[in-house]
Structure formats: structure tokens, C-alpha cells
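Read the structure below first, then the notes.
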Amino acid sequence: MHAGLVWASLFSHPGLTWADIDHYRSITKLPIILKGICDSDDVRQAVDRGVDAIAYSNHGGRQANGGVPAIDGLAAAVEAAGSVPVTFDSGIRDGIDILRAVALGASLVGVARPYVYGLALDGTNGVKHVIQSLLAEADLTMAVNCYLSLNELAVQRLS
């Protein structure tokens, strides 16, 4: 079997449809957060289906060596989601990336690769160091750009 087909069979579920959201909504009162959406039309479809949040992300960092950065579509996704929260976790490497995502409307920003690097290098202490470094960089960036709160962020000043 071609390697691409093997990969697809392991990491995707081509049988999933939008109707599956309706099914899960009918059997649970738990929040439904749909992850992996990279298109504002899909965001609208998910919101229309009643999801409680959108985890807007791509999987390029670990599965492909290129493509359109997810952050380029974040503002449109947030607009399409309306009042539904949008989280973001693609390509976050430093405190400035976190601030950019928040400025574009992310309700929550997730971090993976830096966290894993910290864990690999120094276990729990490495993770603590990474988190402290991310927060310190974000705090410093806000201070030197005269922001007193996250609500004041303007993405054009963080470019």
C-alpha cells in the first residue's frame, strides 16, 4: 500500500460528516469543541451545527513542511464564529505569537512544541521555564508597546 494511504488511514476519518456533530449533540450535554478547522466557511457550518467552541488550527507543523499559516485565517474564523469562542494553537513559539493570536481574536492560545522541548530538556522544571519565558516575553512586549491589558492589543502594532 502507498505510504500516503497508510498515513491517511491511520490519522483521518474520511467517513466523518457534519451530521456526526448533530449525533454527538443529541447524546451529550458536554461542550463540543471542534478542532482542526482552517476555513471560515467550515467555522460557520460548525457554529450552525451547535458546537460550543472552535479549535482553529492546522496540522502542518508535524505533518507537512509548508502551507498557509493558520494565523493568516484566524481573524476571519473569529468573525465567522460570532459569539462562539475560538482557540488557536498553530505555530505558537514565543510570547509575541501568543499576543498576535489574542489580537486577532483568539479566546485561548495553546502551546505545544516549546512545552515539549522544555519537558525533554528538563522535565517539569523545563516546562515551568518555558511557561515563565513565554509569559515574560508577552509581558515585556506589551509593556514596550504601551499595552496595559490584553483587551488593548492591536495586531498592526505587533507585526
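Residue numbers (my numbering): 3 to 161.
Even for Gly, the Cβ is constructed at its ideal location relative to N, Cα and C.
If I measure Cβ to Cβ from residue i and keep anything under 7 Å in the same chain, skipping five residues before and after, which residues do I get?
{"i": "Thr143", "result": "Gly97, Ile98 and Leu101"}
{"i": "Ala145", "result": "none"}
{"i": "Ala77", "result": "Leu106 and Gly107"}
Anyone know if the C-beta pair for residue i and residue j falls short of 8 Å?
{"i": "Asp91", "j": "Ser59", "result": "yes"}
{"i": "Ile35", "j": "Arg27", "result": "no"}
{"i": "Val88", "j": "Ala108", "result": "yes"}
{"i": "Tyr149", "j": "Val132", "result": "no"}
{"i": "Val49", "j": "Ala79", "result": "no"}
{"i": "Ile73", "j": "Leu106", "result": "yes"}
{"i": "Pro71", "j": "Gly93", "result": "yes"}
Where does residue i fall in DSSP's three states?
{"i": "Thr89", "result": "strand"}
{"i": "Gly112", "result": "coil"}
{"i": "Tyr149", "result": "coil"}
{"i": "Lys37", "result": "strand"}
{"i": "Ile100", "result": "helix"}
{"i": "Ile56", "result": "strand"}
{"i": "Val80", "result": "helix"}
Short of 8 Å in beta carbon distance, which residues of its chain neighbour residue i, apart from the five on each side in sequence? Order them along the chain.
{"i": "Gly75", "result": "Cys40, Asp41, Ser42 and Tyr58"}
CA-CA distance, residue i and residue j?
{"i": "Ile29", "j": "Asp22", "result": "11 Å"}
{"i": "Asp54", "j": "Gly38", "result": "14 Å"}
{"i": "Gly84", "j": "Leu155", "result": "19 Å"}
{"i": "Leu137", "j": "Arg95", "result": "12 Å"}
{"i": "Ala82", "j": "Gln47", "result": "9 Å"}
{"i": "Gly125", "j": "Tyr119", "result": "9 Å"}
{"i": "Arg20", "j": "Gly69", "result": "The residue asked about is misnamed: residue 20 is Trp in this sequence, not Arg. About 25 Å."}
{"i": "Gly17", "j": "Lys130", "result": "40 Å"}
{"i": "Val86", "j": "Asn127", "result": "35 Å"}
{"i": "Lys31", "j": "Asn147", "result": "43 Å"}
{"i": "Ser135", "j": "Leu110", "result": "18 Å"}
Can you give me the Cβ contacts of residue i inside the same chain, cut-off strictly under 6 Å, excluding the 5 residues immediately before and after it?
{"i": "Leu152", "result": "Val104"}
{"i": "Ala140", "result": "Gly97, Ile100 and Leu101"}
{"i": "Gly112", "result": "Asp91"}
{"i": "Ala122", "result": "none"}
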